[in-house]
Amino acid sequence: MRRTAGKLADGREIIYFDDTPDAPPRHAVDTRDLPRTQPLSEVRRDPLTGEWVAMAAHRQTRTYKPPADLCPLCPSTPGKPTEVPESSYDVVVFENRFPSFAQGVPELPSTVDGMPMVPRAAGVGRCEVMCFTSDHDTSFGSLPVSRVRTVVDAWADRTAALNATPGVEQVFPFENRGEEIGVTLSHPHGQMYGYPFVTPKTERMLAVAADYQASHGRPLMGDILAAERAAGTRVIAKGEHWTAFVPAAARWPVEVHLVPHRQVPDLPALTDAERDDFAALYLTVLHRLDALYDRPLPYIAAWHQAPVRTGRDLAWLHLEVFSVLRTADKLKYLAGSESGMGVWVNDATPEQIAERLRGGNFGSTHK
Numbered sequence: 163m164r165r166t167a168g169k170l171a172d173g174r175e176i177i178y179f180d181d182t183p184d185a186p187p188r189h190a191v192d193t194r195d196l197p198r199t200q201p202l203s204e205v206r207r208d209p210l211t212g213e214w215v216a217m218a219a220h221r222q223t224r225t226y227k228p229p230a231d232l233c234p235l236c237p238s239t240p241g242k243p244t245e246v247p248e249s250s251y252d253v254v255v256f257e258n259r260f261p262s263f264a265q266g267v268p269e270l271p272s273t274v275d276g277m278p279m280v281p282r283a284a285g286v287g288r289c290e291v292m293c294f295t296s297d298h299d300t301s302f303g304s305l306p307v308s309r310v311r312t313v314v315d316a317w318a319d320r321t322a323a324l325n326a327t328p329g330v331e332q333v334f335p336f337e338n339r340g341e342e343i344g345v346t347l348s349h350p351h352g353q354m355y356g357y358p359f360v361t362p363k364t365e366r367m368l369a370v371a372a373d374y375q376a377s378h379g380r381p382l383m384g385d386i387l388a389a390e391r392a393a394g395t396r397v398i399a400k401g402e403h404w405t406a407f408v409p410a411a412a413r414w415p416v417e418v419h420l421v422p423h424r425q426v427p428d429l430p431a432l433t434d435a436e437r438d439d440f441a442a443l444y445l446t447v448l449h450r451l452d453a454l455y456d457r458p459l460p461y462i463a464a465w466h467q468a469p470v471r472t473g474r475d476l477a478w479l480h481l482e483v484f485s486v487l488r489t490a491d492k493l494k495y496l497a498g499s500e501s502g503m504g505v506w507v508n509d510a511t512p513e514q515i516a517e518r519l520r521g522g523n524f525g526s527t528h529k
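Quick note: to get my numbering, add 162 to the position in the sequence shown (first position is 1).
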């Protein structure tokens, strides 16, 4: 893989990750007349839950569902410059033009209206966009294994870089796919968030993992993985280094976890063999998800990694893929119990979900 970094017209960084042997040098210039933006992100701590909430009002003007011929994530063409100056690319990453968190955010008063119970701070961090292919009309699940392997390396590269970025406490790579999820740009892409705090879900998971480690002397995810592999009831695919299964307490109508067999804190810690195995296994999972309702499945793919400065001995890297689609034409909406109290009600058992995902022949080498 070849890595080439450059700058866009407004000073944002852009990085090309090329796996095509004859890929041209990446030296195209961004010809747009873009003003330098000043993100005004901030975070406020909810005094009732202790959780940080991000405010980024400047994102209201971001691009929303443009026609395919005006997609800002496609390569540039004569007369139609985009976020990617080159005429083609393999994988590309660039700083988000409308970031939730950014460097150089103005300082703010330390509290909201002088209320000591509501701390406030600048939303310092970094947000990046990662395009998986220059082909607008394809999907992650349609990529060749070699391209998915490049994406894994790009995720690891950017995780290491964001881990070292001032103000970042946790790095979150993710992909949103499908209008039902709320996607506003249909080009195959994901994002990288560098949060200025440890996210609430990660804090809770680390606390539970710490309690389990203290009581049993073993990592919680290790015991979960061993039990799932032994039972086999919810396992949908296995590789040499990874296993994909529906968690026993799945919240979503479709939910799969991909877990490495070795405890590692984050993507940069994966070996080449583990990255190779993940690429093949993940494609198997995505093919099964799309075959579930015989239509492209809207989903969120969320990487759980260790924070930058805490819990790195407790965290166990894994990917969570879930969908709001509960039947071929019905969505799961977060109703009163889920939204108001955080108590989830699933319309299907994890065992039923796993059985449906195992059904059929999807052309996979993973069983």
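We put the beta carbon where it would ideally sit given N, CA and C, even for glycine.
Here the structure is a predicted model, which is why all the values come from computation and not from measurement.
Is it buried or exposed, asparagine 523, if we count other Cβ atoms within 10 angstroms and call 16 or more buried? Note on asparagine 523: pLDDT 44, under 50, position unreliable in the model; the coordinate value appears next. When all chains shown are included, asparagine 523 counts as exposed.
Let me know the beta strand (DSSP E) ranges lying completely inside the region 372–419, each 3 residues or longer, listed in chain order. 397–400 and 404–407, all fully within the region 372–419.
Would you identify the three-state DSSP class for histidine 351, choosing helix, strand or coil? Histidine 351 falls in the strand class under three-state DSSP.
Using only alpha-carbon positions, find the residue among Pro209, Pro237 and Arg259 that is nearest to glycine 173. The option with the nearest alpha carbon to glycine 173 is Arg259.
Use the C-beta contact count for glutamine 467: other C-beta atoms within 10 angstroms, 16 or more gives buried, fewer gives exposed. The residue is buried, with at least 16 neighbouring Cβ atoms inside 10 Å.
Is it the case that the region 505–520 contacts the region 409–417, given that we only count it when at least three CB pairs across the two stretches are under 8 Å? Contact between the region 409–417 and the region 505–520 is present, because at least three Cβ pairs lie under 8 Å.
By Cβ distance below 8 Å, which residues in the same chain neighbour tryptophan 404 in space, the five residues on each side in sequence not counted? If you ignore the 5 residues before and after tryptophan 404, its C-beta comes within less than 8 Å of the C-beta of Leu420, Val421, Pro422, His423, Glu436, Asp439, Phe440 and Leu443, all in its own chain and listed in chain order.
What is the C-beta distance between proline 427 and arginine 474, in whole angstroms, given that I count them as a contact (C-beta under 8 Å)? That pair is a contact at about 5 Å.
Residues bridged to arginine 164 (per DSSP): Arginine 164 pairs with Asp180.
Anyone know if the C-beta pair for proline 350 and serine 308 falls short of 7 Å? Taking a C-beta distance under 7 Å as the contact criterion, proline 350 and serine 308 do not qualify as a contact pair.
To which residues of the same chain is glutamate 269 closer than 6 Å at the C-beta, ignoring the five residues directly before and after it? Shown here for glutamate 269: same chain residues with a beta carbon closer than 6 Å to its own, the five before and five after excluded, namely Ala284 in chain order.
Taking just the CA atoms, how far does glutamate 290 sit from glutamate 390? Going from the Cα of glutamate 390 to the Cα of glutamate 290 covers about 34 Å.
Tell me which same chain residues have a C-beta within less than 7 Å of the C-beta of valine 470, skipping the five on either side of it? For valine 470, where only same-chain residues beyond five positions count, the Cβ hits under 7 Å are Asn325, Val330, Glu331 and Gln332.
Under 7 Å, do valine 253 and alanine 316 count as touching if we go by C-beta distance? The criterion of a C-beta distance shorter than 7 Å is satisfied by valine 253 and alanine 316.
Answer with buried or exposed for histidine 480, where buried requires no fewer than 16 other C-beta atoms within 10 angstroms of its C-beta. When all chains shown are included, histidine 480 counts as buried.
Unbroken beta strand (DSSP E) run spanning phenylalanine 336, endpoints: Under the DSSP assignment, phenylalanine 336 falls in the beta strand (DSSP E) whose first and last residues are 332–339.
Does DSSP put valine 370 in a helix, a strand or coil? Secondary structure of valine 370 (DSSP, three-state): helix.
State the Cα-Cα distance for the pair glycine 287 and glutamate 365, rounded to the nearest angstrom. Using only the alpha carbons, I get a separation of about 18 Å.
Considering isoleucine 462, what are the terminal residues of the beta strand (DSSP E) in which it resides? Run containing isoleucine 462: 461–466, per the beta strand (DSSP E) assignment.
Taking the runs of the beta strand (DSSP E) that are 3 residues or longer, which of them lie wholly in the region 451–509? Taking only runs of at least 3 residues, the beta strand (DSSP E) segments lying wholly in the region 451–509 are 461–466, 480–485 and 487–489.
Cα separation between alanine 372 and arginine 396? Taking the straight line from one Cα to the other gives about 25 Å.
Threonine 511 to asparagine 338, Cα distance in whole Å? Those two C-alpha atoms are separated by around 24 Å.
Out of curiosity, what's the CA-to-CA distance linking serine 304 and glycine 384? About 31 Å.
Just tell me which of Arg320, Tyr178 and Ala369 has its CA closest to the CA of proline 237. When each option's Cα is compared against that of proline 237, the closest is Tyr178.
Give me whichever residues DSSP pairs with tyrosine 357 in a beta bridge. The beta-bridge partner set that DSSP reports for tyrosine 357 consists of Gln332.
Short check: CB of tryptophan 214 to CB of phenylalanine 359, under 7 Å? Contact: yes.
If you draw a straight line from the C-alpha of leucine 347 to the C-alpha of glycine 379, how long is it? Going from the Cα of leucine 347 to the Cα of glycine 379 covers about 46 Å.
Environment of proline 537 [buried if 16+ CB atoms lie within 10 Å]: Absent from the model: residue 537. The displayed extent of the chain is 163 to 529, so no value can be given.
Would you kindly work out how many angstroms separate the C-alpha atoms of isoleucine 176 and lysine 169, rounded to a whole number? C-alpha of isoleucine 176 to C-alpha of lysine 169: approximately 6 Å in a straight line.
Using CA atoms only, rank isn't needed, just tell me which of Lys242, Asp509 and Pro271 is closest to glycine 193. Strictly speaking, residue 193 in this sequence is threonine, with glycine absent from that position. Taking each of Lys242, Asp509 and Pro271 in turn and checking the Cα distance to threonine 193, the smallest one comes out for Lys242.
Can you check DSSP and say which residues form a bridge with phenylalanine 256? DSSP, once it has assigned bridges, lists Ile176 and Val291 as partnering phenylalanine 256.
Would you kindly check if the distance between the Cβ of glutamate 342 and the Cβ of proline 229 is under 7 Å? No; because the gap between Cβ atoms is not below 7 Å, this pair is not in contact.
Whole-number beta carbon distance between valine 246 and leucine 232, since they are thought to touch under 8 Å: So it is not a contact: roughly 14 Å between Cβ atoms.
What residue does the beta strand (DSSP E) around proline 281 start on, and which one ends it? For proline 281, the enclosing beta strand (DSSP E) covers residues 277–284.
What are the uninterrupted segments assigned as beta strand (DSSP E) that are 3 or more residues long and contained completely in the region 293–322, given in chain order? If we require 3 residues or more, the region 293–322 turns out to have no beta strand (DSSP E) run fully inside it.
Who pairs with arginine 207 in a beta bridge, going by DSSP? DSSP, once it has assigned bridges, lists Trp214 as partnering arginine 207.
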